[in-house]
Amino acid sequence: MQNHLLHNRHLPPDPPFFAHTDPAGGWRVLDHIIFMNICSSAWEAVGLVGTKEQFRIGGMTTLLLKGVHPTIVVQQGHWSLAAFMRYMREVCRLILQAVLQV
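Residue numbering for the sequence shown follows this note's numbering, starting at 1 and increasing by one per position.
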């Protein structure tokens, strides 16, 4: 946070959350494209390939663990029902595989 404040000290007094100084000396809000570019650079730096779907999967899992009905989770995540079911089958398969190896 201190690094962010240091590099963005010329922002207006009450900028939106995640505002930052742009290369032209102005400022802008951190949008989806910039955020994903930052994430992709970080993933590549450590040899990983990442996608925005990882955020959807994490969000979906959190909602399900909080008891949100799966149909709501599918709608909120803009999942197709087929994609949701494929993912859930894969999760179940991996859990079963891990349990059987113990």
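Quick reminder that beta carbons are idealized off the backbone N, C-alpha and C, glycines included.
Cα-Cα separation, residue i to residue j
| i | j | result |
| --- | --- | --- |
| F18 | H32 | 11 Å |
| Y87 | L64 | 13 Å |
| E44 | F35 | 14 Å |
| R89 | K66 | 20 Å |
| V68 | W79 | 15 Å |
| P15 | V29 | 8 Å |
| R93 | N3 | 43 Å |
| Q76 | P70 | 10 Å |
Residue closest to residue i, alpha-carbon to alpha-carbon, out of the options
| i | options | result |
| --- | --- | --- |
| V91 | H78, R28, I57 and Q76 | I57 |
| L6 | T21, D14 and P16 | T21 |
| F84 | Q97, A98, L96 and G59 | G59 |
| P12 | V68, I38 and G26 | G26 |
Counterpart residues of residue i in DSSP-defined beta bridges
| i | result |
| --- | --- |
| H20 | R28 |
Per-residue DSSP class, three states only, for residue i
| i | result |
| --- | --- |
| R9 | coil |
| G58 | helix |
| S80 | coil |
| P15 | coil |
| L100 | helix |
| V68 | coil |
| M1 | coil |
| V46 | coil |
Min CB distance residue i to chain B below 7 Å
| i | result |
| --- | --- |
| V91 | Absent here is chain B; the protein component of the structure consists of one chain. |
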